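Below: one structure, written as structure tokens.
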Ligand code: URA
Ligand code: CA
């Protein structure tokens, strides 16, 4: 087989066989096929696309390019959730204990990563003593006994995707539904769960700016998952404004606790139920999505979800008293209100820019080496569609520096007050097959 012939084949709009796709990904991972040939192929895929069978093959070839996680020692159907990324997304912190309270195994492997706030692990480390440096055996036995554990990322997962993603970044081929869907799904499949629930974000703060693109991506990923034997469903959710109120690590832990108590922000609660019901259904714990949602509401109301969160924190060395006393979480030295300068209705809150404002305070990492300040962040006191009077607080800044003029300027530049606006629709669509 010669790579040049395979590039020509895809350039001319023909289908690549399973064997050919394996040859390409294997050769690329080993370094036998150079970047310039794979660049040309990526561009051919960008224009000619791939059918469902090719997409599934590409995904599995990337899965097999490196280590895969074996969760077979964990009893039950393991369901993982993945979000395509947004601002102030506290759903994982809520969903993990929420579904575990229904006896669904949550075996979460999580990274740190870059972003406006830390990843799930950073957020959990806002809790004194909590640690994810546990052994694989301890991880498995915690999940078997308590249905929930989080471990830091180990192993060399999907090296082919790492190389290809970096190459796409510099060859204008990131924005292909086929390449994005196979990239995301390869990582989820290598992580070992039996079923996958996807939260595909759309709007200013998201990778997919329009609901149509987000829907196409969701369908592509659901189809890949189902074609390779991992039951997959998706929710398409709005990310034109940040989710919930809190953006920042300890602030989001508190927000998750409020939500598990049934007193969280409405949008966060709605999205957690939409994603959670798919997880419960795919785990085989309910006969319909409606029944699944009832079960989730029950463990919120009877306090089992909150108890599960306490148990989870204590199991991994954390101070579980924060659940009853969120004041025990790290606190910022300065609390600064950002008042509305005029009366009206909040018409726009640009999600990614507000996320960047939180990052300026130190809530997230700009580079891999940056240190996160777990105490700092923003609380949105108003969301799109809310009325506001002049002088009323739009945002509360939690900072560990006295001068936050740069953050205040960024907030004013990205929250627009108009004469009328309605709260955006949160759930654009659900994809179940
Ligand atoms: N996120 C990924 O992991 N891969 C892509 O290709 C795009 C976004
Ligand atoms: Ca939030």
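Numbering (the numbering used here), first residue to last: 11 to 443.
Here a beta-carbon is modelled for each residue, glycine too, at the ideal position from N, C-alpha and C.
All values reported here derive from a predicted model rather than from experimental measurement.
Residues 226, 227 and 230 of the same chain have their beta carbon placed closer than 6 Å to that of residue 187, with the five preceding and five following residues left out of the count.
Contact annotation: the stretch 417-431 touches the stretch 349-364, with at least three C-beta pairs closer than 8 Å. The beta carbon of residue 253 sits closer than 7 Å to at least one heavy atom of ligand 2. Inclusion of residue 81 and residue 315 in the CB contact set at 8 Å is not warranted, their separation being larger than that value. Scanning 366, 432, 291 and 347 for the CA closest to the CA of residue 112 turns up 291. Counting only the Cα atoms, residue 218 lies some 27 Å from residue 404. Restricted to the stretch 361-418, the alpha helix (DSSP H) segments that are unbroken, complete and at least 4 residues in length are 361-371, listed in chain order.
Within the same chain, and ignoring the five residues on either side of residue 348 in sequence, the residues whose Cβ sits closer than 7 Å to its Cβ are 403, 404, 405, 407, 418 and 421.
In the displayed model, residue 141 falls within coil according to three-state DSSP, outside both helix and strand. Counting along the chain, the unbroken alpha helix (DSSP H) around residue 51 starts and ends at 45-58. Distance from the CA of residue 105 to the CA of residue 176, rounded to the nearest whole angstrom, comes to 31 Å. In terms of CA proximity to residue 295, 89 leads the group 352, 89, 192 and 40.
For residue 212, the enclosing beta strand (DSSP E) covers residues 205-212. Within 10 angstroms of the beta-carbon of residue 85 lie fewer than 16 other beta-carbons, which makes it exposed.
In the three-state DSSP reduction, residue 24 falls in the coil class, being neither helix nor strand. Excluding residues up to 5 positions away in sequence, 38, 48, 52, 72, 189 and 193 lie with their Cβ nearer than 8 Å to the Cβ of residue 174 in the same chain. For residue 284, the CB contacts under 6 Å within the same chain, skipping 5 residues up- and downstream, are 245 and 437 in chain order.
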